[in-house]
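In the working numbering, each residue carries its 1-based index in the sequence shown increased by 87. Ideal Cβ positions, reconstructed from N, Cα and C, are used throughout, including at glycine.
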Amino acid sequence: MAAPTGAQLIAQALHELGIKVIFGLVGIPVVQIAEEAIKLGIRFIAFRNEQAASYAATAYGYLTGKPGVCLVVGGPGVLHAMSGIGNSSANAWPLLLLAGSSESHLVTKGAFQELDAVSLLTPHVKLAVRSTLESIPQSISNAYRTSWYGRGGTGFVDLPADVIQGEGDEISKVIVPSPARAAGDPERIAAAVKLLRAANAPLVIVGKGAAYAQAEGGIRKLINDTKIPFLPTPMGKGVLPDSHPSNTASARSAALKGADVVLILGARLNWILHFGEEPKWNPDVKIIQVDISAEELGKNNGDASLSIIGDINLVTSQLSSGLQNWQYNTSTPYISAIRASTVKNEATAAKAAQVDTLPMTYGRTFAVIKETLNALSPPENGDIVYVSEGANTMDISRSVFNVEHPRLRLDAGTYATMGVGLGYAIAAHCAYNLPDPQAESGSSSRKKIVCLEGDSAFGFSMPEIETMARYTMDILVFVVNNGGVYHGDSADSDAWLALQDKTAQGAAGGLRSTSLGWEVGYEKMAEMCGGKGYLVRTPEELRKATEEGFKATVPVVINIIIEAGQAKKLEFAWQKSTQKKAKNA
Ligand code: ADP
């Protein structure tokens with residue numbers, strides 16, 4: 088029998104690690120790895136750009152709790168995939184990145200796609216290694232293990248052409264067991280329990296780290312038993328159901344500002360949580376932060392004396408035991424303030440949903456989509472995954488769509504990256520809908536992946552609609568089209584044409600930096616590759632397209648023309664908030 092090639096050995100190592108999907112884009116010579124992987128039953132999802140593929144692999148890592156795998160060519164392929172490395176590192180999601188490189192003996196000669204990727208990437212990843220033929224199994228398993236164990240990040244393996252094309256010896260079994268989990272220091276647990284019991288205004292913040300840790304069972308028990316109010320971060324939504332009576336999301340500011348003891352489960356005190364600082368937080372708040380990463384504790388709030396290093400699952404169960412037979416008395420001014428704020432904010436949102444103008448507003452658009460989707464699949468079923476990006480689209484839709492189960496909502500995340508959406512949608516489709524030959528039949532339910540994309544965010548990775556179509560992924564994409572980054576700049580097509588004219592003439596004051604094309608036909612992206620496209624302007628058209636799109640078996644793009652010309656309003660809001668910040672400082 089012929090000796091196995093490097094490509095075969097790499098594919099075999101991935102197979103032994105239990106990899107089911109590789110996201111990537113091939114060229115010479117990594118195409119051989121992809122082909123060998125396909126022969127072993129691994130799915131290779133071929134993207135149109137490495138950036139989207141690398142984003143997809145990170146999201147797959149988050150959703151499945153194991154590293155996502157991305158395979159790219161060397162040089163430019165690696166540069167494009169660096170986006171995924173940034174994403175993995177910022178979000179703390181595990182990613183195994185494999186890249187080809189030029190032949191070892193040609194290094195520094197200016198070879199085809201030559202790049203010293205190991206030097207380039209070392210500062211940005213947890214492990215970067217160049218594999219030899221002999222070290223394929225340990226290079227891949229160590230990069231996989233390192234990306235996964237501890238806080239998630241990237242493991243990178245550089246695979247020279249002569250390694251991929253060489254011939255080596257059969258490999259022995261490659262095994263990377265699930266990471267060990269650490270429980271919390273009993274003294275710290277006892278101190279946390281004492282503080283929570285004595286708190287007047289306790290709050291639990293649930294972050295996407297809790298979703299990644301699949302800690303929903305323990306956290307649900309803790310909240311149900313103790314009645315402590317909780318606040319999910321944008322991707323922490325669903326660890327506890329949004330409809331839960333202890334959810335304070337509709338009164339976020341009141342909940343944060345009024346809390347005197349905050350237990351943080353899987354979130355960082357970064358911009359998403361206003362750094363744990365005034366004016367959003369009470370200056371005397373006591374923070375009990377639980378995290379797998381010791382370095383995170385005490386960051387920004389400066390005091391880690393109450394923090395607990397450990398795995399959320401184990402620490403939550405320790406806290407639950409310590410708080411046994413105790414319940415927070417919810418007849419407090421804190422809870423009254425939260426309730427009053429909830430009523431006020433929900434009334435404002437309900438009003439926004441009813442504004443019945445044409446073109447539609449964001450509020451009306453999302454209300455129609457929500458109503459229609461809820462009728463087709465109620466949120467409690469957990470059969471819809473929402474992917475959401477674009478500044479206004481993401482911010483406004485976040486509170487509109489209820490999520491009742493964990494890991495059903497993906498957005499721009501810690502890095503606030505626009506352009507992740509379509510890659511994430513493909514990742515979610517693979518994580519939830521690809522039949523697993525090892526799963527017992529009927530054990531996994533199919534989910535519909537729904538993308539809510541601003542027209543600007545959609546533009547970053549538009550060609551991935553073709554990827555969806557090629558693999559018959561029935562993903563439903565809404566493009567919320569106001570003709571601009573943030574906001575549309577022109578109230579109507581005449582105003583837009585006048586600006587375009589000025590630009591054409593080289594006059595001052597033409598198209599703005601935030602202007603995009605006027606009523607671009609994004610729905611055609613789906614039509615041109617076998618999907619379905621809809622251009623809608625009214626609630627009735629949107630309702631019908633949503634219904635049909637939900638039931639379709641191909642990718643669907645619904646291009647929704649909404650109210651443009653919001654620049655003035657938004658600039659005004661921006662100025663007001665800047666003035667307020669200056670006053671507070
Ligand atoms: P969010 O964006 O929801 O605020 P972040 O990504 O900022 O959440 O924070 C998630 C945190 O969860 C990270 O600091 C990460 O180290 C932590 N984390 C991830 N998995 C675990 C785990 N199993 N146990 C404890 N902490 C974890």
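Taking 8 Å as the cut-off, the Cβ atoms of residue 394 and residue 308 do not count as close.
For the region 370 to 433, the full-length alpha helix (DSSP H) segments reaching 4 residues or more read 399 to 409 along the chain. Here residue 197 is exposed, its C-beta having fewer than 16 other C-beta atoms within 10 Å. For residue 218, there is no enclosing alpha helix (DSSP H), as DSSP marks it with neither H nor E. When the alpha-carbon of residue 369 is set against those of 332, 380, 287, the nearest one is in 287. Within the DSSP secondary-structure output, residue 247 pairs in a beta bridge with 188. When rounded, the separation of the alpha-carbon atoms in residue 148 and residue 642 is 23 Å. Between residue 182 and residue 145, the C-beta gap is smaller than 8 Å, which places the two residues in contact. Secondary structure of residue 558 (DSSP, three-state): coil.
In the three-state reduction of the DSSP assignment, residue 193 falls in the helix class, which pools H, G and I. With contacts defined as CB atoms closer than 8 Å, residue 108 and residue 121 fail to qualify as a contacting pair. DSSP places residue 367 in no beta strand (DSSP E); its state is neither H nor E.
Around the beta-carbon of residue 233, 16 or more other beta-carbon atoms lie within 10 Å, marking it buried. Between the region 555 to 566 and the region 604 to 619, the count of Cβ pairs shorter than 8 Å is three or higher; the stretches touch.
Between residue 353 and residue 267, the gap from beta carbon to beta carbon reaches 8 Å or more. Positions of the beta strand (DSSP E) runs, each at least 3 residues long and wholly inside the region 575 to 645, are given as 619 to 623 in order along the chain.
Beta-bridge partners of residue 535 (DSSP): 471. Inter-residue distance for residue 590 and residue 579 is about 17 Å (C-alpha atoms, whole angstroms). In this structure residue 644 is in contact with residue 552, their Cβ atoms being roughly 6 Å apart against a cut-off of 8 Å. Distance check between residue 179 and each of 416, 236, 334, 162 places 236 closest, using alpha-carbon atoms only. Here residue 134 carries a coil assignment [DSSP, helix/strand/coil].
Where residue 307 is concerned, the enclosing alpha helix (DSSP H) starts and stops at 303 to 313. For residue 210, there is no enclosing alpha helix (DSSP H), as DSSP gives it neither H nor E.
In this structure, residue 315 sits near residue 289, with a CB-CB distance shorter than 8 Å.
In the DSSP assignment, residue 485 falls within the unbroken alpha helix (DSSP H) covering 478 to 485. Between residue 185 and residue 216, the C-beta spacing is not below 8 Å. Scanning 640, 126, 313, 142 for the CA closest to the CA of residue 504 turns up 142. In this structure residue 402 is in contact with residue 377, their Cβ atoms being roughly 5 Å apart against a cut-off of 8 Å.
DSSP places residue 238 in the coil class of the three-state scheme, outside both helix and strand.
Residue environment: residue 271 is assigned as buried (16 or more neighbouring CB atoms within 10 Å of its CB, all protein chains considered).
Positions of the beta strand (DSSP E) runs, each at least 3 residues long and wholly inside the region 134 to 162, are given as 155 to 159 in order along the chain. Rounded to whole angstroms, the gap between the alpha carbons of residue 343 and residue 294 is 14 Å. As the crow flies, the alpha-carbon of residue 449 is around 43 Å from that of residue 413. Note that the region 506 to 518 does not touch the region 570 to 579; fewer than 3 beta-carbon pairs, one per stretch, sit closer than 8 Å. Taking residue 104 as reference, the option from 214, 265, 110 with the minimal CA-CA separation is 265.
In the DSSP secondary-structure assignment, residue 274 is not bridged to any residue.
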